[in-house]
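Structure, as structure tokens:
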Amino acid sequence: MDFSEILKYSSQNNSGLIFLIQGAPGAGKTALLHECERLARESGWETAEKKMYPPALWSPSELRKSLGLRNLPKITQGSAQVSVPGIVKAEVSAEWVQATTLKILSTGKKPLLLKLDEAQTLGTKNKPPSNLASAATNVLDAIHNGELDRPVILIVGGLGTTADIFKTLGISRFEGESFVELDALGEESERAVLHDWITKEGRAKGDPTPWIDAISQETHGWPQHILSYVKPVLRQLKADNRAMMAEGLKAVVEAGCELRSAYYEQRARDFSRKQRQSLARLIANVPLGEGLDEENILESLTKEYGPDKAGKLFGDAQHSGILHKHAGIYTVPIPSMRDWLVDNYSREQIKFPQELQPRRSMHGRNPEIDLGGR
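Residue numbers (our numbering): 17 to 390.
And the structure:
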């Protein structure tokens with residue numbers, strides 16, 4: 017993927033698109049979004065002054081706020097309700113919302129890049145109101161098909177459910193160059209990243225190979241995990257006058273492990289102990305390198321919770337990043353997160369049900385990236 021070429025093509029052809037970066041939690045989506053935004057600025061594109069939130073797709077006031085524009089609300093009679101400065105609930109039509117949003121996007125001398133992170137929330141807490149869903153769909157369609165009066169690109173980051181959520185909003189297809197599925201870093205790339213952090217940022221004295229060997233055994237190529245260990249590395253090197261000692265490495269690994277566990281707890285914070293135990297039992301005996309089908313997962317959870325609660329639990333597990341869909345099957349994307357869940361919440365070895373047969377996954381550089389486990 018060469019995002020610079022995409023910017024160049026869109027600028028020259030007065031076109032636009034939606035560029036989706038999808039992946040499991042900690043895969044580096046946010047960092048890649050920032051890099052795309054940096055490239056756009058360097059290429060002369062206008063970018064938002066403030067963080068963009070999903071309602072900007074159907075709320076003119078939210079869009080103007082993210083672009084740093086002064087709000088000039090225009091109110092007409094209609095059926096939809098939106099908030100504007102000084103008015104708690106203003107009655108406006110969905111048609112006015114759509115037209116005004118498109119006008120804001122079309123106005124400007126420079127090409128425009130918009131950035132939306134955590135876009136999977138468009139299917140949950142940030143789902144468009146039913147009376148404005150058509151406005152959101154039409155705005156997205158206009159961006160995706162380059163139907164504005166200037167080049168506009170929307171770059172989007174989200175978990176593995178994001179592409180499916182965009183289908184519900186009318187965007188059923190992403191071209192190959194406008195869709196990126198992030199996975200773990202390859203071994204060579206991971207070691208290069210660790211080397212740069214230790215030697216350039218940490219200014220370590222001596223050969224960093226032993227430290228890289230030890231840390232890479234814990235990070236599994238996931239950027240989020242690399243950062244969990246990099247922070248203790250920098251602190252330890254500073255405390256030890258840049259020397260890489262065995263005791264210092266031990267302290268780094270212990271501190272990194274604590275940060276990593278805290279990250280898992282944060283991903284699972286909305287699940288009760290019983291729900292965590294159910295998910296842990298579900299994956300406990302799935303062999304390394306294999307995942308589960310949606311039908312099998314729902315069948316197993318339905319036996320405990322009934323169909324409605326089982327469906328919600330399954331959906332919540334996807335939206336939180338505990339389960340990740342890839343190549344048609346579901347896995348716990350990070351092997352060490354799988355281990356954390358099983359070690360803490362699977363209190364007994366459960367015989368794998370005959371009807372819940374696992375399927376082998378083909379994605380990732382390590383088989384541990386699947387439910388059998390990062």
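The beta carbon of each residue, even a glycine, is placed where N, CA and C say it ideally should be.
Chain-order list of residues whose beta-carbon lies under 8 Å from that of residue i (same chain, five-residue window excluded)
i: glutamine 365; result: No answer about glutamine 365 holds up, because its pLDDT of 44 lies below 50 and its placement is not dependable.
i: alanine 267; result: Pro248, Gln252
i: aspartate 157; result: Glu163, Gly186, Ile187
i: glycine 264; result: Gln252, Leu253, Ala255, Asp256
CB contact flag (residue i, residue j, <8 Å)
i: glutamine 38; j: glycine 176; result: yes
i: serine 294; j: leucine 317; result: yes
i: proline 226; j: histidine 211; result: no
i: isoleucine 242; j: valine 196; result: no
i: leucine 23; j: leucine 55; result: yes
i: glycine 42; j: lysine 66; result: no
i: serine 26; j: proline 144; result: no
i: glycine 337; j: arginine 283; result: yes
i: valine 113; j: alanine 151; result: yes
Terminal residues of the alpha helix (DSSP H) in which residue i lies
i: phenylalanine 182; result: 178–184
i: tyrosine 6; result: The structure shown does not extend to residue 6, since the chain is modelled only from 17 through 390, so no value can be given for it.
i: valine 168; result: From DSSP, valine 168 is part of no alpha helix (DSSP H) but of the beta strand (DSSP E) over 168–174.
i: lysine 126; result: Lysine 126 -> no alpha helix (DSSP H), and no H or E assigned at all.
i: threonine 117; result: 110–122
i: histidine 335; result: 310–335
i: lysine 143; result: Here lysine 143 belongs to no alpha helix (DSSP H), and DSSP marks it neither H nor E.
i: leucine 250; result: 239–255
i: glutamate 234; result: 225–235
i: phenylalanine 19; result: 19–29
i: glycine 264; result: 262–283
i: asparagine 360; result: 351–361
i: glutamate 191; result: That residue, glutamate 191, is in no alpha helix (DSSP H); it is neither H nor E in DSSP.
i: isoleucine 299; result: 289–299
Rounded straight-line distance, which links the Cα of residue j to that of residue i
i: glycine 327; j: serine 288; result: 16 Å
i: leucine 185; j: proline 248; result: 42 Å
i: serine 188; j: alanine 40; result: 21 Å
i: glutamine 334; j: aspartate 256; result: 42 Å
i: asparagine 30; j: leucine 357; result: 49 Å
i: isoleucine 181; j: glutamine 136; result: 7 Å
i: alanine 230; j: arginine 219; result: 18 Å
i: asparagine 154; j: tyrosine 69; result: 17 Å
i: arginine 297; j: leucine 339; result: 14 Å
i: threonine 140; j: threonine 178; result: 11 Å
i: glutamate 21; j: leucine 132; result: 21 Å
i: arginine 166; j: leucine 33; result: 12 Å
i: glycine 202; j: threonine 46; result: 19 Å
i: valine 246; j: glutamate 274; result: 13 Å
i: glutamine 28; j: phenylalanine 19; result: 14 Å
i: serine 194; j: glycine 173; result: 12 Å
i: glutamate 58; j: glycine 192; result: 24 Å
i: serine 277; j: aspartate 324; result: 30 Å
i: leucine 387; j: histidine 342; result: Bear in mind that the predicted position of leucine 387 carries a pLDDT of just 33, short of 50, making it unreliable; the figure below should be weighed with that in mind. Whole-angstrom Cα-Cα distance: 11 Å.
i: alanine 115; j: phenylalanine 190; result: 25 Å
i: isoleucine 350; j: alanine 200; result: 9 Å
i: asparagine 161; j: histidine 50; result: 23 Å
i: glutamate 204; j: asparagine 142; result: 38 Å
i: leucine 138; j: serine 82; result: 17 Å
i: glutamate 134; j: lysine 183; result: 16 Å
Nonlocal neighbours in the same chain, by C-beta distance under 6 Å from residue i, ignoring five residues either side
i: methionine 353; result: Tyr280
i: lysine 221; result: Arg258, Ala259
i: lysine 319; result: none
i: alanine 271; result: Pro248
i: tyrosine 361; result: Arg292, Gln293, Ala296
Supposed close pair residue i, residue j - CB separation, criterion 8 Å
i: tryptophan 61; j: leucine 129; result: 5 Å
i: isoleucine 171; j: cysteine 52; result: 5 Å
i: serine 122; j: leucine 164; result: 5 Å
i: phenylalanine 35; j: isoleucine 169; result: 6 Å
i: aspartate 359; j: aspartate 286; result: The Cβ separation is near 20 Å, so there is no contact.
i: glutamate 234; j: valine 269; result: 6 Å
Beta-carbon proximity list for residue i, same chain, < 7 Å, skipping 5 on both sides
i: glycine 44; result: Leu198, Pro239
i: arginine 207; result: Ile228, Ser232
i: leucine 79; result: Ala72, Thr117, Ile120
i: glutamate 215; result: Checking the displayed sequence, the identity of residue 215 turns out to be threonine instead of glutamate. These residues qualify, in order along the chain: Pro224.
i: glycine 124; result: Glu62, Arg166
i: tyrosine 321; result: Leu329
i: leucine 250; result: Glu217, Gly218
Residue i beta carbon near the ligand NAP (any heavy atom closer than 7 Å)
i: proline 144; result: Of ligands this structure carries none, so the ligand NAP is not represented either.
Residue i - containing beta strand (DSSP E), residue span
i: threonine 347; result: 345–347
i: histidine 342; result: 340–342
i: leucine 164; result: From DSSP, leucine 164 is part of no beta strand (DSSP E); its letter is neither H nor E.
i: glutamine 38; result: 33–39
i: glutamate 197; result: 195–198
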